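Participant:
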Amino acid sequence: PGPIFFRQKRYGLDGREILVWKFRSMTVCENGSDNFKQAVKNDPRVTPIGAVLRRTSLDELPQLFNVLDGSMSLVGPRPHASLQNESYRRQIQGYMLRHKVKPGITGLAQVNGWRGETDTLEKMERRVECDHQYIREWSLLMDLKILFRTIFIVLSRQNAY
């Protein structure tokens, strides 16, 4: 039992706070803690229905509301949880440059194999490198290629859990 939707504070364009919508796929945190614990493979907090939503990436579908309200784009750097953002801004040089564009539901990092768990600093550094590349080389054609590749990645269920 619990709400269908999950909202989380993240940073958007120019570092402004946004609320990102998702279908809730995990058990509700009873203590109301703001602590962030990233989902991992076989995470015991994931509900049975949540496992299906996550495996098919349907848990991200409510972010279309974020696109409609203008706080997100279909393509761009994925927004990270606020606590994660604060940690990485101190550890990765140029991290905050990723906030020069709207965050996206999918991005260059996700279609280049950097989707899923970021359990090491190196993995996050690779994501940020992709985000920087996206910002430097952006074009409509690039966005279309990323969207097209995203469809195949979602259908193959790579790194989705």
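The sequence shown begins at -16 in our numbering and counts up one residue at a time.
From the three backbone atoms N, C-alpha and C, an ideal C-beta is built for every residue, glycine too.
Predicted, not measured: the structure shown is a model, and the values here were computed from it.
In the DSSP output, what is A92 paired with across the bridge?
Facilitator: DSSP output for A92 lists no bridge partner at all.
Participant: Just to confirm, is the Cβ distance from P146 to Y(-6) under 8 Å?
Facilitator: Outside the modelled stretch of the chain, which goes from -16 to 144, sits residue 146, for which no answer is possible.
Participant: Tell me, which residues are paired with G(-5) by DSSP?
Facilitator: Looking at the DSSP assignment, G(-5) forms no beta bridge with any residue, so it has no partner.
Participant: By a C-beta neighbour count over all protein chains shown, 10 Å radius and 16 as the cutoff for buried, is G(-2) buried or exposed?
Facilitator: The residue in question, G(-2), is exposed, as its Cβ has fewer than 16 Cβ neighbours within 10 Å.
Participant: Tell me I1's beta-bridge partners as DSSP assigns them.
Facilitator: DSSP output for I1 lists R(-7) as bridge partner(s).
Participant: Beta-carbon within less than 7 Å of L36's beta-carbon, same chain only, minus the 5 sequence neighbours each way: which residues are those?
Facilitator: So the list reads F6, S8, D42, once near-sequence residues are dropped.
Participant: I need the boundaries of the alpha helix (DSSP H) containing S65, first residue and last residue.
Facilitator: Its alpha helix (DSSP H) spans residues 65 to 74.
Participant: Which same chain residues end up closer than 8 Å to G90 when comparing Cβ atoms and leaving out the 5 residues on each side of it in sequence?
Facilitator: If we look at G90 and ignore the five residues flanking it on each side, its Cβ neighbours are V58, G59, P60, R61, C113, D114, Y117, I129.
Participant: Could you name the residues of the same chain whose beta carbon sits closer than 6 Å to that of R110, not counting the 5 residues immediately before and after it, in chain order?
Facilitator: Around R110: A92, W97.
Participant: Can you give me the start and stop residues for the beta strand (DSSP E) that L145 sits inside?
Facilitator: For the chain, the structure presents residues -16 to 144; residue 145 sits outside this window and is missing.
Participant: Taking only three categories from DSSP, how would you classify L57?
Facilitator: Three-state result, L57: strand.
Participant: In terms of alpha-carbon separation, which member of L(-4), G33, E0 lies closest to F(-12)?
Facilitator: Here the closest residue by C-alpha is G33.
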